[in-house]
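J.: With the first letter of the sequence shown counted as 1, position 149 gets the number 134 in this note's numbering; the numbers rise by one all the way through. Glycine residues also receive a C-beta, built at the ideal position from the N, C-alpha and C atoms. These numbers were taken from a predicted model, which means no experiment stands behind them. I am attaching a structure below and will ask some questions about it afterwards.
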Amino acid sequence: MAFEMAQQLNAQGEKVAKLALIDVMAPTPAGTLRSLAQPLHKAWSRLDKDEALRITIQFAQDIGLNLMNMPAWREKLEPLKPDGQLAWVVEEAKQYKILPSDMSDEEVAHLFDVFRTNVHARQSYAGRTYHGRVKLFIAEERFLKSIENPTTGWAKLIPEGLDYEAVPGDHYTMIRKPNAKVLAQRLTIFLGAAPKDA
């Protein structure tokens, strides 16, 4: 959202002095096929097994559950129906203390709905080139554990450069106590520093 807001301000002739992004993957460049956009328009129950599995795997990755490090995860997930796949991921995430053990089914459903909405928005958004430097604050746990480099894709969209810095926590805990204090301190330092072109 901040990336697009900066784009719109630039388009209106406004100068964006500093742009900070918090643990966000690069948007799909304009014109790129978006593999998940279509499945997310369908009802969950109407997804075919491959589409449901792909979305469940992405959800696991988003919450910080690295399935690639788990033995026989695919054999456990593939035979399950979509709701069963989601339940299995949630139970594994609770076991590894990624999600709270007392998280209710309603909270899980809400978290998954937010994830699907965000994926749909991200997959539907066509990124444009941004003329300016950007600072990306990356969740340290995602940066260290993810199979995807969170900075991948930004070089095409930010030719003037991307600076990045790891912040304690994962995608969710970096904005909660005690990690939120560290993020706030680093944002304050970034926003208080003079722009590089000044």
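Please report the residue range of the beta strand (DSSP E) in which leucine 6 lies.
T.: Where leucine 6 is concerned, the enclosing beta strand (DSSP E) stretches over 5 to 7.
J.: Taking 7 Å as the limit between beta carbons, can you name the residues of its chain near leucine 65, skipping five residues before and five after?
T.: Counting only Cβ-Cβ distances below 7 Å, and skipping sequence neighbours, we find Trp73.
J.: In the DSSP assignment, find the alpha helix (DSSP H) that holds lysine 120 and state where it starts and stops.
T.: Not the alpha helix (DSSP H): lysine 120 falls in the beta strand (DSSP E), residues 119 to 124.
J.: Would arginine 171 pass as a contact of valine 152 if the rule is Cβ separation under 8 Å?
T.: In this structure, valine 152 lies closer than 8 Å to arginine 171 by Cβ.
J.: Keeping to the same chain, check which residues put their C-beta closer than 7 Å to that of isoleucine 83; ignore five residues upstream and five downstream.
T.: Excluding positions up to five away in sequence, the list reads Ile48, Gly49 and Leu50.
J.: With 16 other CB atoms within 10 Å as the buried threshold, where does threonine 41 fall?
T.: The residue in question, threonine 41, is buried, as its Cβ has 16 or more Cβ neighbours within 10 Å.
J.: Taking the C-alpha atoms as reference points, what is the distance between alanine 140 and histidine 105?
T.: Answer to the nearest angstrom: the Cα atoms are 23 Å apart.
J.: When you compare only the Cα positions, how much space is there between lysine 79 and glycine -2?
T.: For lysine 79 and glycine -2, the distance between alpha carbons rounds to 48 Å.
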